[in-house]
Amino acid sequence: MQTVGRTRTHFLIRAWTTFVVLAIYLPIACGALAGLSKGRYFAFPIRIFSTEWWGKTWDSFEIHVLVQNSVLIALIVTVLSVLFAFFGALAFARYPWKGRRAFQRLLLLPIFFPQPVLGLALLLWFNALGISPTWKTAVVAHLVWIVPVVTLVIAIQVFSFDPVLEEAASDLGASRLFTLRTVTLPILWPGIWSGALFAFLLSWGNFPLSLYTAGADSTIPKWLYSKMVAGYTPMVPALGTMSTLTAAALLLGGGLVRFLLRRRAELRARER
Amino acid sequence: MADNSLSAPAPKLSPGLRASLPVLVLLVAGFLAPLVTVAAYAFATPKSFDVFRSFTLQNFAAIFDTNNTVWTSFVWALALAFACVAILLVVCYPIAFGLNKVFGKWSGLVSVLFVFPLFVSENVRLYGWVLFFIKNGVLDGALKWLGFPGGPDLLYTPGITLFGMVYVYLPFMLFPMTLGIAMIPRDLVDAASDLGAGRFMIWREVELPLAMPGILIGALLTFVLAAGAVAEAKILGGQSVITITQDIEVAFTYAQNWPMGSALALILVLIVSGLALSAMARLDLDKILGKR
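Chain order of the listed sequences is A and B. Residue 629 is where the first sequence starts when you use this note's numbering, and the numbers rise one by one after that. Residue 183 is where the second sequence starts when you use this note's numbering, and the numbers rise one by one after that.
Here it is in structure tokens:
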């Protein structure tokens with residue numbers, strides 16, 4: 629009786645999860661369809677498929693600039709946020725220190741904060757400092773939100789890290805830097821890698837912070853929004869789909885690297 | 183190593199504090215300082231840029247004036263956020279349970295499927311729903327093609343705004359909840375079952391209380407984010423609902439009334455951070471994140 633009930637519950641859970649996953653990807657699929665249909669306006673079922681709008685998007689100079697901005701911002705955000713978050717995660721999870729609990733809570737606050745309001749608050753702050761917003765201020769805005777996320781991602785890895793290993797290395801006479809390079813970093817690599825991937829992808833797809841803090845510079849999500857509000861062209865879904873596919877490719881590639889890193893770590897552990 | 187911070191009376195900073203410094207500087211300069219600026223602007227002369235030079239309560243007086251209808255935006259934002267949380271609790275619980283107990287080796291893949299949309303900006307995803315629901319869109323077109331009179335007119339209503347919020351904030355509920363359910367020890371459930379507890383009783387008396395920290399974080403996170411949502415109401419809702427963030431945005435942009443926008447933002451921030459801080463004070467983050 630119990631097992632029959634359980635099997636049925638499990639079936640229902642699987643069915644529900646499948647349904648929700650399909651619903652999540654449905655609008656992304658709709659966008660992909662719209663970008664691939666011929667004609668200025670979208671109508672379903674699609675009569676003629678064409679890559680016309682993909683071609684136009686690919687060749688557009690305006691869009692090249694957007695992509696450059698988005699990539700540049702995301703790359704800088706990735707490097708900086710990993711640096712910040714690596715030490716932040718050690719403070720969050722590794723060292724027992726007096727202010728740790730307060731630090732943990734402070735770190736969560738930017739995540740528990742509506743992003744559009746954060747963007748507007750930063751705009752005010754930059755203005756008060758006399759800084760006119762450009763893509764550089766957008767980098768700062770992204771960092772305020774992304775560093776806490778990446779810190780959490782790395783902190784999860786740090787929690788599973790045994791500090792005894794570091795102590796053993798230093799007892800054996802290793803310098804701090806040597807210990808960091810040969811003990812701490814190799815163990816934390818998978819977490820750092822995931823953090824970097826998160827940083828890049830979250831910056832790449834961020835819309836509310838870029839909207840208010842990038843000034844006259846535009847990023848892909850910001851440009852898409854401006855066209856959605858006024859002046860739809862099929863380039864909107866086409867560029868949206870390209871951007872989504874880029875993120876998917878990065879996630880797949882990044883996941884593969886993480887898998888390899890973990891396997892290498894496991895092999896090494898076995899050798900020892 | 184652990185008692186370094188206690189035994190050393192030297193002025194040297196503890197390793198934890200030293201490691202936290204870069205992030206602390208970033209958060210003070212990039213998060214706390216902007217909030218202080220907002221607070222300062224909220225007390226500046228209306229429609230001026232006299233921040234730190236004037237002090238007045240006129241902005242708040244205008245907001246609480248009985249002729250002002252801005253309170254409807256607050257009510258909409260909070261009501262939508264509340265409804266969004268309630269729906270997501272029901273939608274996500276089975277999935278979070280499944281990720282822990284049912285999907286087995288597939289749960290990694292399922293998690294990735296739920297994480298990925300976070301990397302696609304919300305306006306792109308919401309616009310996909312517009313293409314789905316619009317006249318001659320995917321739903322309408324498909325129904326007509328099948329011989330039905332056409333799809334229902336759902337777009338540009340408060341209901342679809344709520345739908346968009348549920349859609350966008352789903353991962354923010356799902357993952358904390360999954361972490362929460364992972365904190366339920368298997369043997370405790372087995373023990374309750376051996377002692378004769380029914381499935382509903384186990385769920386109510388054992389599973390739910392143990393998973394509560396994660397569920398609470400998820401509910402709080404979605405509430406806070408949904409209370410500040412604006413893209414859903416604009417793109418899907420067609421401004422049939424004006425949320426408070428949109429009022430704030432209008433004050434900052436078209437109206438050029440930064441003190442008024444700041445006063446509205448300050449009230450929203452107080453509501454949101456009051457909730458966040460009071461709930462966070464009861465949570466042990468080490469336990470939730472460290473449990474692996």
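We put the beta carbon where it would ideally sit given N, CA and C, even for glycine. Note that this is a predicted model, so its numbers are computed, not measured.
With a threshold of 9 Å between beta carbons, Phe740/A makes contact with chain B. Cβ proximity to chain B below 7 Å picks out Val768, Leu771, Val772, Val775 and Thr779 from the segment 767-779 of chain A.
For Phe715/A and Leu321/B, the gap between their C-alpha atoms comes out near 50 Å. The secondary-structure analysis by DSSP pairs Ser665/A across a beta bridge with Phe677/A. In this structure Gly380/B is exposed. Its beta-carbon is surrounded by fewer than 16 other beta-carbon atoms within 10 angstroms. Those residues of the segment 678-708 of chain A placed with their C-beta closer than 7 Å to a C-beta in chain B do not exist.
Using beta-carbon distances, Ser303/B counts as an interface residue toward chain A, with a partner under 9 Å.
For Thr762/A, no alpha helix (DSSP H) encloses it, and the DSSP letter there is neither H nor E. Distance from Ala259/B to Thr435/B at the Cβ level is roughly 18 Å; contact not present, criterion being Cβ atoms closer than 8 Å. Proximity of Gly843/A to chain B, defined by a Cβ-Cβ separation below 9 Å, is not satisfied. Taking a 10 Å sphere around the C-beta of Trp288/B, we find fewer than 16 other C-beta atoms and assign the residue as exposed.
Taking a Cβ-Cβ threshold of 9 Å, the residues of chain B close to Trp644/A are Val273, Pro276, Ile277 and Gly280, in chain order. Residue burial is scored here from C-beta neighbours: Ala409/B has at least 16 other C-beta atoms within 10 angstroms and is therefore classed as buried. Inside the segment 700-775 of chain A, DSSP marks whole alpha helix (DSSP H) runs of 4 or more residues at positions 728-736 and 743-757, from first to last along the chain.
Rounded to the nearest whole angstrom, the C-alpha separation of Ala897/A and Val710/A is 25 Å. Phe264/B does not reach chain A, its nearest Cβ partner there being about 15 Å away, counting only Cβ pairs nearer than 8 Å. Tyr275/B counts as buried, since no fewer than 16 other beta carbons sit within 10 angstroms of its beta carbon. The Cβ neighbour count for Ile277/B, taken over all protein chains shown within 10 Å, is at least 16; the residue is labelled buried. Against chain A, the CB of Pro228/B has no partner CB under 9 Å away; the residue lies outside that interface. Rounded to the nearest whole angstrom, the CA to CA distance from Met359/B to Pro197/B is 33 Å. Assignment of Tyr338/B by DSSP, reduced to helix, strand and coil, places it in the coil class.
Taking Ile453/B as the centre and dropping the five residues before and after it, the same chain places the C-beta of Leu260 and Ala409 closer than 8 Å to its C-beta, in chain order. Taking the Cβ atoms as the reference, Leu217/B lies roughly 14 Å from Ala769/A, outside the contact range of under 8 Å. Considering only Asn834/A, Pro814/A, Gly801/A and Gly819/A, the residue with the shortest C-alpha distance to Asn697/A is Asn834/A.
Across the set Leu356/B, Ala221/B and Leu370/B, the C-alpha of Ala221/B shows the shortest separation from the C-alpha of Trp440/B. Rounded to the nearest whole angstrom, the CA to CA distance from Gly396/B to Ala824/A is 25 Å. Within chain B, no residue has its CB atom less than 9 Å from the CB of Pro862/A, the nearest being about 11 Å off.
Chain B places no beta carbon closer than 9 Å to that of Arg668/A, leaving this residue out of the contacts. Boundaries for Asn250/B: no alpha helix (DSSP H) harbours it, and the DSSP string shows neither H nor E there. Pairwise C-beta distances place the segment 795-804 of chain A out of contact with the segment 814-828 of chain A, as fewer than three of them are shorter than 8 Å. In chain order, Pro655, Gly659, Leu852, Met856, Val864, Pro865 and Gly868 make up the part of chain A whose C-beta sits under 8 Å from the C-beta of Tyr309/B. The segment 342-362 of chain B makes contact with the segment 264-271 of chain B, as at least three CB pairs between them are under 8 Å.
When the five nearest sequence neighbours on each side are left out, the beta carbons in the same chain lying within less than 6 Å of the beta carbon of Glu389/B are those of Ile366, in order along the chain. Taking 9 Å as the cut-off, the beta carbon of Ala721/A is found closer than this to the beta carbon of Ala783/A.
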